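Heads up: the structure comes next, in structure tokens.
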Amino acid sequence: MPVVASRILYGILIVAAQWLVFGRLQLWGTYPDVVLLFVAWLGLNHGRRVGAFTGFGCGLLMDAVYDTWGLHMLVKTLVGFLVGLFPSSERESLLIVPRQAFLGGLVIALLQNGILVTLLALQTGSRDAFLVTGLWL
Numbered sequence: 030m031p032v033v034a035s036r037i038l039y040g041i042l043i044v045a046a047q048w049l050v051f052g053r054l055q056l057w058g059t060y061p062d063v064v065l066l067f068v069a070w071l072g073l074n075h076g077r078r079v080g081a082f083t084g085f086g087c088g089l090l091m092d093a094v095y096d097t098w099g100l101h102m103l104v105k106t107l108v109g110f111l112v113g114l115f116p117s118s119e120r121e122s123l124l125i126v127p128r129q130a131f132l133g134g135l136v137i138a139l140l141q142n143g144i145l146v147t148l149l150a151l152q153t154g155s156r157d158a159f160l161v162t163g164l165w166l
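My numbering puts the first residue of the sequence shown at 30, with every later residue one more than the last.
This is the structure:
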């Protein structure tokens, strides 16, 4: 199977798992975003172009599932591109310890949630500073 076709299939399976399983698994009112981790992992391993295209495709599927057309697509594309700016050098395998995984996931989640909350504030026309700062963190 070609590499692009396998990535598309993995993306579809991960979006389906997010929608059917992880979207219903709530811990303290939040749920894990495995699509974000998939986009970030591909961006780290293969660079900004693959990260951006993966974010675009997975975000488009998430928009179709959650009926938020364009929002997830833009946010996941930006996150995939920004994470892809720091690819692993010379195709070395990434050896990530749990502390690095936690901090990396925290930074990526804060980046994604900040962009998402800012876009939602712009969409609703809110001028409340708490919406942008309080909900981001």
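We treat Cβ as the ideally placed atom computed from N, Cα and C, and that holds for glycine.
Just so you know, these numbers come straight off a predicted model, no measurement behind them.
Any idea if residue i is buried or exposed, counting beta-carbon neighbours within 10 angstroms, 16 or more meaning buried?
| i | result |
| --- | --- |
| D62 | buried |
| V33 | exposed |
| L54 | exposed |
| G58 | exposed |
What would DSSP say about residue i, mapped onto helix, strand or coil?
| i | result |
| --- | --- |
| V59 | Correcting the residue identity first, residue 59 is Thr in this sequence and not Val. Reduced to three states, the DSSP call for T59 is strand. |
| R77 | helix |
| L49 | helix |
| G72 | helix |
| F115 | coil |
| V126 | coil |
| D92 | helix |
| S155 | coil |
| L54 | coil |
Measuring alpha carbon to alpha carbon, tell me which residue in the options is nearest residue i.
| i | options | result |
| --- | --- | --- |
| L90 | L114, W70 and A46 | A46 |
| A69 | G52, W48 and P116 | P116 |
| W48 | L65, G109 and W57 | L65 |
Taking 8 angstroms as the CB-CB cut-off, is residue i touching chain E?
| i | result |
| --- | --- |
| I137 | Of the protein chains in the structure, only one exists, and it is not chain E. |
Mind the definition here: the segment 82-90 touches the segment 127-141 only if three or more C-beta pairs lie below 8 angstroms; say whether that holds. no
Between the segment 89-103 and the segment 66-80, do at least 3 Cβ pairs fall closer than 8 angstroms? no
Contact between the segment 34-45 and the segment 105-113: three or more CB pairs below 8 angstroms? no
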